[in-house]
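J.:
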Ligand SMILES: C[S@@+](CC[C@H](N)C(=O)[O-])C[C@H]1O[C@@H](n2cnc3c(N)ncnc32)[C@H](O)[C@@H]1O
């Protein structure tokens with residue numbers, strides 16, 4: 000029994016090192032409980048009874064690695080996810096950022112959706128910006144950057160084409176104004192696409208990103224070990240301009256030194272200011 004557990008552990012560690020080298024995925028920073036649950040998804044799908052059997056499949060089936068990556072990166076997302084957060088963002092956060100630009104000649108607003116999945120967070124923000132700026136929109140340069148490690152999600156984000164099920168939480172007036180319906184698909188309009196760009200970036204090992212007025216990193220750090228969470232929250236603090244805002248997921252908690260650096264702006268909605 001003990002021997003079995005030891006060899007399972009050994010195979011699990013071997014699997015982790017394969018994932019690290021073949022997929023360039025920093026498994027050591029993700030919570031083991033999360034990681035095992037996600038790998039189990041592929042074990043079940045391939046009917047593997049052990050990590051060892053699954054390692055054999057990975058060796059022989061070239062298509063399995065992309066499927067594994069898809070399972071490891073949980074891509075669940077929604078337009079205007081947790082609507083109450085967007086209410087505060089629309090009524091208070093964006094107006095405050097717009098106001099802070101009043102005195103500057105260069106009215107650039109930079110926003111980062113870190114861990115953007117298929118892009119719907121970035122496009123939700125883009126819709127709000129357009130809506131709030133109205134006629135003044137042309138006086139501003141808005142850059143919304145969505146980043147993720149999952150290339151398939153980024154491709155979909157770049158295309159900006161969604162199903163009826165995916166746009167179900169977009170309110171009718173926005174759906175009409177910001178999408179073009181083609182058959183059963185909803186295409187994000189070019190004006191929103193011009194404000195957004197998507198790029199591959201690993202927030203664990205990628206280059207530092209700076210100069211943002213708002214950073215959204217929601218429902219991503221929950222999967223990470225505490226030390227890494229602390230490090231990332233510091234990096235987000237450094238990545239913000241003064242008076243900028245950091246917005247995290249509703250089930251996530253700000254911890255570590257960044258907790259004392261940030262001022263809670265709306266703790267219930269997990270919005271913090273620098
Ligand atoms: C559950 S989705 C959250 C999407 C969106 N932020 C939201 O709240 O709806 C988590 C995303 O984080 C991405 N992710 C996981 N680890 C990452 C990393 N190290 N760097 C960048 N993105 C990562 C996943 O690929 C996935 O698309």
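In the working numbering, the protein residues as written are 0 to 273.
We treat Cβ as the ideally placed atom computed from N, Cα and C, and that holds for glycine.
#1: What ranges does the alpha helix (DSSP H) occupy inside the segment 121–198, keeping only unbroken runs of at least 4 residues that lie completely in it?
#2: Would you check whether ligand 1 has a heavy atom nearer than 8 Å to the C-beta of residue 216?
#3: Please report the straight-line C-alpha distance between residue 123 and residue 52, rounded to a whole angstrom.
#4: From the DSSP output, read off the bridge partner residues of residue 246.
#5: Do the CB positions of residue 218 and residue 255 come within less than 9 Å of each other?
#6: Rounded to whole angstroms, how far is the Cβ of residue 282 from the Cβ of residue 211, which I believe are closer than 8 Å?
#7: Do residue 197 and residue 156 have their CB atoms nearer than 9 Å?
#8: Classify residue 140: buried if its beta carbon has 16 or more other beta carbons within 10 angstroms, exposed otherwise.
#9: Does DSSP classify residue 95 as helix, strand or coil?
#10: Given that a residue counts as buried once 16 or more other Cβ atoms are within 10 Å of its Cβ, and exposed if not, what is residue 290?
#11: Quick one: residues in its chain with C-beta nearer than 8 Å to the C-beta of residue 184, no 5 flanking neighbours on either side, listed in chain order?
#12: Looking only at DSSP bridge pairs, what is residue 112 linked to?
#13: Determine the burial state of residue 126: buried for a count of at least 16 other Cβ atoms within 10 Å of its Cβ, exposed for fewer.
#14: Check whether the Cβ atoms of residue 110 and residue 56 lie closer than 9 Å to each other.
#15: Any heavy atom of ligand 1 closer than 8 Å to the beta-carbon of residue 113?
#16: For the beta strand (DSSP E) containing residue 256, list its first residue and its last residue.
#17: Tell me whether residue 223 sits in a helix, a strand or coil according to DSSP, three-state version.
#18: Based on DSSP bridge pairs, tell me the residues matched to residue 239.
T.: In short, the structure shows the following:
#1: Correct list: 150–158, 171–177, 189–194.
#2: Checking the Cβ of residue 216 against ligand 1 gives yes.
#3: A direct Cα-to-Cα measurement between residue 123 and residue 52 gives close to 42 Å.
#4: As DSSP reads the structure, residue 246 sits in a beta bridge with 215, 270.
#5: No; because the gap between Cβ atoms is not below 9 Å, this pair is not in contact.
#6: Limits of the chain in this structure are 0 at one end and 273 at the other, which puts residue 282 out of reach.
#7: The Cβ atoms of residue 197 and residue 156 lie closer than 9 Å to each other.
#8: Answer is exposed; the Cβ neighbour count stays below 16.
#9: In the displayed model, residue 95 falls within a helix according to three-state DSSP.
#10: Residue 290 lies beyond the range of the chain shown here (0 to 273); nothing can be said about it.
#11: 160, 161, 162.
#12: Residue 112 pairs with 145, 215.
#13: By the 10 Å Cβ count, residue 126 comes out buried.
#14: Taking 9 Å as the Cβ cut-off, residue 110 and residue 56 do not qualify as a contacting pair.
#15: Checking the Cβ of residue 113 against ligand 1 gives yes.
#16: Per DSSP, residue 256 belongs to no beta strand (DSSP E) and is neither H nor E.
#17: In the structure shown, residue 223 sits in a strand (DSSP, three-state: E or B).
#18: For residue 239, which the question treats as bridged, DSSP gives the partners 211.
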